[in-house]
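Q: In this note's numbering, the protein residues as written are 2 to 419.
C-beta: ideal position from N, C-alpha, C; glycine also.
As the structure is a computational prediction, the values presented were derived from the model and not from experiment.
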Amino acid sequence: MLRRSLLLASLAVLVASGCGRKGDPRPPSRPIPAAASDLTVLQRGQQIILEFGYPTTTTSGRALPGIDSVEVWEYSRPLGPLATVESVALGDPEDETARVSGEAGEAIEPSTSEAPAPVLFGGIAQVTGDQGSSETAPFGAAKETRPESELQVDSREFTGAAQEKLTLRHNELSSAISGARIFIRLSRGPLDSESPSARIFAVRTTNGEKLVSPFSNRAALVPQKTPAPPEDLKVVPGADGVDISWTQDEDDQDIAGYRVYRRDAASPHYGRVLRTLPATSSAFRDTTVQFGNRYIYTVTTLLEETQPVIESSIGEEFEINHVDRFAPDPPRNLVVFTNATRVRLLWEGSAVSDVAGYRVSRRKVDGEFKPLHESLIGDTEFIDSMVEASTTYFYHVVAVDLAGNASTPSEEIEARTP
Numbered sequence: 002m003l004r005r006s007l008l009l010a011s012l013a014v015l016v017a018s019g020c021g022r023k024g025d026p027r028p029p030s031r032p033i034p035a036a037a038s039d040l041t042v043l044q045r046g047q048q049i050i051l052e053f054g055y056p057t058t059t060t061s062g063r064a065l066p067g068i069d070s071v072e073v074w075e076y077s078r079p080l081g082p083l084a085t086v087e088s089v090a091l092g093d094p095e096d097e098t099a100r101v102s103g104e105a106g107e108a109i110e111p112s113t114s115e116a117p118a119p120v121l122f123g124g125i126a127q128v129t130g131d132q133g134s135s136e137t138a139p140f141g142a143a144k145e146t147r148p149e150s151e152l153q154v155d156s157r158e159f160t161g162a163a164q165e166k167l168t169l170r171h172n173e174l175s176s177a178i179s180g181a182r183i184f185i186r187l188s189r190g191p192l193d194s195e196s197p198s199a200r201i202f203a204v205r206t207t208n209g210e211k212l213v214s215p216f217s218n219r220a221a222l223v224p225q226k227t228p229a230p231p232e233d234l235k236v237v238p239g240a241d242g243v244d245i246s247w248t249q250d251e252d253d254q255d256i257a258g259y260r261v262y263r264r265d266a267a268s269p270h271y272g273r274v275l276r277t278l279p280a281t282s283s284a285f286r287d288t289t290v291q292f293g294n295r296y297i298y299t300v301t302t303l304l305e306e307t308q309p310v311i312e313s314s315i316g317e318e319f320e321i322n323h324v325d326r327f328a329p330d331p332p333r334n335l336v337v338f339t340n341a342t343r344v345r346l347l348w349e350g351s352a353v354s355d356v357a358g359y360r361v362s363r364r365k366v367d368g369e370f371k372p373l374h375e376s377l378i379g380d381t382e383f384i385d386s387m388v389e390a391s392t393t394y395f396y397h398v399v400a401v402d403l404a405g406n407a408s409t410p411s412e413e414i415e416a417r418t419p
């Protein structure tokens, strides 16, 4: 009986250990770069510029150490004749319905689907994923547009028809990286007004193990003839920012506005636009600058109201070394309170944000102003206890900023001790 019990216990241990056995080890997930989802395109003069964020994760969501190449793929699709978007009635824009009139004059009701197909307004469109996005034409004006079907490119059609346009590696890839973004410049190529084509792009990236990411979202545009860049660019640093001005081209009726760009002098790329301004503008103040940096500015001209952007080439560029040489505003409303042993001074501080402190100076009737202390005062109050009874003094206060620039003196004030 005892032997039988021991045998049953041994069998139970074997069964239990068999149930806990692990399966065959799984291979680690491969570090395939995730597909870029933020690819954008714009035309700047003779160049087409693609931009997207530097990949940081794999398809499984893990951290990606880096990439060693970027592939640019392009699908060029011929376009049909232009149509016109019209407004049907003036009144409340929310109650108006746009119609598209083709060559035959038929009316086509706008799409009511939740994910409308991409539309080309002013000759360009942005395509995201298989469905994309659309822009609506402004009411009250006719505009040329493209039929929606011309840019309905799904992933299978693009994969089957696109060709590899360019591959960036090594130094070419390094020079295309600016911060956390990648900028790729392509030639616009010759324009054919009779047989225009939409140029549809996507990118792929590879890591050090030659593993290729899926295609990114797709971005498309129809290259256009661009306006001339602004002239007479002037950039003037100031205490409150940098003033940029230029000359308008009053003869070009297709101008929709201007774009102001700024880059660090050490960077080869202009990043995101600093400000987009209407066609009536000819000046802008950049208040986001920081002292101690070197900047390069330029301004481009926008063609009509297009999305994504078609703009002029970069014309004049202006570099500045933004050093703080600007004195702060002087203190104001200086007042004094006196008794036989001291003079108390109060004032309103300088309005600028980089004031390091204040310096108080004093003189007698026939004397010169001399500072009353060595280090700067961080407050807007000072007590002069080195006074004599029955004596007249004159005071003024100077503001000093962090760069050591001193303001003009405040208005001097008279104080007579009892």
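Here's the rule: buried if 16 or more other CB atoms are within 10 angstroms of the residue's CB, otherwise exposed. What is Q47?
A: Within the sequence shown, residue 47 is the residue found at index 46, counting from 1. Q47 is exposed by the Cβ-count criterion.
Q: Do you know offhand how far P279's Cα is from H374's?
A: The residue labelled residue 279 in the question sits at position 278 within the sequence shown. The residue labelled residue 374 in the question sits at position 373 within the sequence shown. So the alpha carbons of these two residues sit roughly 53 Å apart.
Q: Any contact between the segment 250 to 266 and the segment 210 to 223? By contact I mean 3 or more CB pairs, one from each, below 8 Å.
A: no
Q: Look at A1 and T339 and say whether their C-beta atoms are less than 8 Å apart.
A: Only positions 2 to 419 of the chain appear in this structure, which leaves residue 1 out of reach.
Q: Along the chain, which unbroken stretches of the beta strand (DSSP E) at least 3 residues long are found entirely within the segment 219 to 248?
A: 220 to 222, 232 to 239, 242 to 248
Q: Around the Cβ of S351, are there at least 16 other Cβ atoms within 10 angstroms (buried) or fewer (exposed)?
A: Residue mapping note: residue 351 aligns to position 350 of the sequence shown, counting from 1. By the neighbour-count rule (16 or more Cβ atoms within 10 Å), S351 is buried.
Q: Check L437 in the structure and name its three-state DSSP category.
A: Since the displayed the chain opens at 2 and closes at 419, residue 437 lies outside it and no answer follows.
Q: Under 8 Å, with one C-beta from each stretch per pair, do the segment 257 to 264 and the segment 197 to 216 reach the 3-pair mark?
A: Between the segment 257 to 264 and the segment 197 to 216, the count of C-beta pairs closer than 8 Å stays below three; the two stretches do not touch.
Q: Rank F395, T277, S61 by C-alpha distance to the C-alpha of V366 and give the top, closest one.
A: Reading the sequence shown from its first residue, position 365 is the one you call residue 366. For V366, the nearest C-alpha among the options comes from F395.
Q: May I ask which residues mark the beginning and end of the alpha helix (DSSP H) holding G161?
A: Translated into the one-based positions of the sequence shown, residue 161 becomes position 160. In this chain, the alpha helix (DSSP H) harbouring G161 covers 156 to 162.
Q: Run through DSSP, which three-state label would S198 get?
A: Reading the sequence shown from its first residue, position 197 is the one you call residue 198. If DSSP states are grouped into helix, strand and coil, S198 belongs with the strands.
Q: Using the Cα positions of S283 and A240, report the straight-line distance between them to the nearest angstrom.
A: As a working mapping, residue 283 is identified with position 282 in the sequence shown. As a working mapping, residue 240 is identified with position 239 in the sequence shown. Using only the alpha carbons, I get a separation of about 21 Å.
Q: With 16 other CB atoms within 10 Å as the buried threshold, where does A221 fall?
A: Taking the first residue of the sequence shown as 1, we reach residue 221 at position 220. With 16 or more other Cβ atoms within 10 Å, it is buried.
Q: Which same chain residues end up closer than 8 Å to S411 when comparing Cβ atoms and leaving out the 5 residues on each side of it in sequence?
A: Along the sequence shown, read from residue 1 onward, the residue named residue 411 stands at position 410. Taken in chain order, the residues that qualify are P331, P332, R333, L335, W348, H397, V398, V399.
Q: From F285 to R273, what does the alpha carbon distance come to, in whole angstroms?
A: Here residue 285 corresponds to residue number 284 of the sequence shown, with the count starting at 1. Here residue 273 corresponds to residue number 272 of the sequence shown, with the count starting at 1. Answer to the nearest angstrom: the Cα atoms are 16 Å apart.
Q: So L377 and R360 are in contact, right, with Cβ under 8 Å, and what is the actual spacing, rounded?
A: One-based indexing of the sequence shown puts residue 377 at position 376. One-based indexing of the sequence shown puts residue 360 at position 359. Sure, about 6 Å apart at Cβ, within 8 Å.
Q: In the DSSP assignment, find the beta strand (DSSP E) that holds N208 and state where it starts and stops.
A: What you label residue 208 is simply residue 207 of the sequence shown in a count that begins at 1. Unbroken run through N208: none, as it is neither H nor E.
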